[in-house]
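Numbering (UniProt numbering), first residue to last: 1 to 401. Ideal Cβ placement from N, Cα and C applies to all residues, glycine included. As the structure is a prediction and not an experimental result, all values here were calculated from the model. Notes for the one structure printed next.
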């Protein structure tokens, strides 16, 4: 019977785990645990990534946004002369410059001459409720770019950005993330196969559906200001030493309020959003340092969890309640430690909250069943002779007197 009880308890626990993981009901607790740890697991960045910021100083000097593309062309030529490793342009150029058509040609020539410029791709609906359309640079600019990369920032249900899909696209995930495209151009051996959580095989339900694949979590360097950052106008005017740029990956994007994306991340939180260009810098730095984190898929989560669940159940029903309870308690405490060990040593994310809930519920249920069993034993226990015989004798003596 103890063996049958243990098997039944394991099956019930495993089924509860499947339901909890599939429902996502424990995700807020897992996210809170993950975010708390990541805020205390920052690192010093390398000097290989430089942000060229479209900041208030640049806007005040160059003028209101958007700037003529001839300005961007001049900046690219400056960077070409400096010998940068690659340029990620986190600036949309989807429409032709009708007022100054020659500027498009000038910019296209500048990025063609550089040969290592990545331009952004994203998807949006042309009208409210309309179908999604892929937004690419103008044809001349797209042809001149060394690569195109998507700038889709994935948000979790709580609005926090914790990771990135390394591939995405309309109808199929054909575009690498902008930071990945930039990284692959600047390294002798591009990243292959891609890490990350794969999406189920199959085609999109619609050619107008944005499909994502290869999801990874980002190990953010810090809440903000972790990267070398220079002002756009300072680079444009030649006020930045070439040694700071030579051989570096350069990301160009907006940091001024009201321009570009502002993302609440696992590192920055909702109160201190991170500019989209710094989000791209964190992806690039994680790629460069081998710090991307892969979430375990459901089968792998169940495998790790079921092995831990089997430890207290191995002694369930055997003599010695204290031993069973102590092992279950130790297992409960070990679950977050195992999660952190996988995270730190293997760059793997195993959400622990659901398994902790199952062990805790099992402990409470076990204690409740033991209390009921004791009460039942007390009710059914025969009254010992020593308890009633003296009483009966004294009663008879009283009757005789």
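Within 10 angstroms of its Cβ, does residue i collect 16 or more other Cβ (buried), or is it exposed?
i           : result
residue 113 : exposed
residue 351 : buried
residue 282 : buried
residue 285 : buried
residue 246 : exposed
residue 44  : exposed
residue 326 : exposed
residue 119 : buried
residue 173 : buried
residue 346 : exposed
residue 270 : exposed
residue 124 : exposed
residue 237 : exposed
residue 28  : exposed
residue 144 : buried
residue 99  : exposed
residue 152 : buried
residue 53  : buried
residue 241 : exposed
residue 158 : exposed
Report yes if the CB atom of residue i is closer than 8 Å to the CB atom of residue j, and no otherwise.
i           : j           : result
residue 275 : residue 290 : no
residue 267 : residue 39  : yes
residue 294 : residue 197 : yes
residue 155 : residue 214 : no
residue 329 : residue 363 : yes
residue 249 : residue 130 : no
residue 349 : residue 17  : no
residue 216 : residue 292 : yes
residue 232 : residue 58  : yes
residue 222 : residue 42  : yes
residue 117 : residue 69  : no
residue 229 : residue 51  : yes
residue 235 : residue 260 : no
residue 280 : residue 88  : yes
residue 96  : residue 104 : yes
residue 55  : residue 255 : yes
Going by DSSP in three states, residue i sits in which element: helix, strand or coil?
i           : result
residue 124 : strand
residue 45  : coil
residue 350 : coil
residue 174 : coil
residue 335 : helix
residue 18  : helix
residue 32  : helix
residue 293 : strand
residue 168 : strand
residue 380 : helix
residue 11  : helix
residue 288 : helix
residue 330 : helix
residue 163 : strand
residue 356 : helix
residue 185 : helix
residue 401 : Because the pLDDT at residue 401 is just 49, under 50, the model does not fix this residue reliably, and the point stays unresolved.
residue 129 : coil
residue 194 : coil
residue 364 : helix
residue 389 : In this prediction, residue 389 scores a pLDDT of 49, lower than 50, which makes its location untrustworthy; no coordinate-derived value is stated.
Would you mind reading off the limits of the alpha helix (DSSP H) that contains residue i?
i           : result
residue 269 : Not the alpha helix (DSSP H): residue 269 falls in the beta strand (DSSP E), residues 269-275.
residue 112 : 101-114
Between which two residues does the beta strand (DSSP E) holding residue i run?
i           : result
residue 140 : Note, residue 140: premise wrong, no beta strand (DSSP E); alpha helix (DSSP H) at 139-144.
residue 264 : 262-265
residue 132 : 132-135
residue 148 : 147-150
Sequence ranges, beta strand (DSSP E) only - wholly within the segment 199-258, length at least 3: DSSP runs (the beta strand (DSSP E)) wholly in the segment 199-258: 210-217, 228-231, 249-254.
In chain order, each beta strand (DSSP E) run of at least 3 residues that lies wholly inside the segment 36-87: Listed in chain order, the beta strand (DSSP E) runs fully inside the segment 36-87 are 49-54, counting runs of at least 3 residues.
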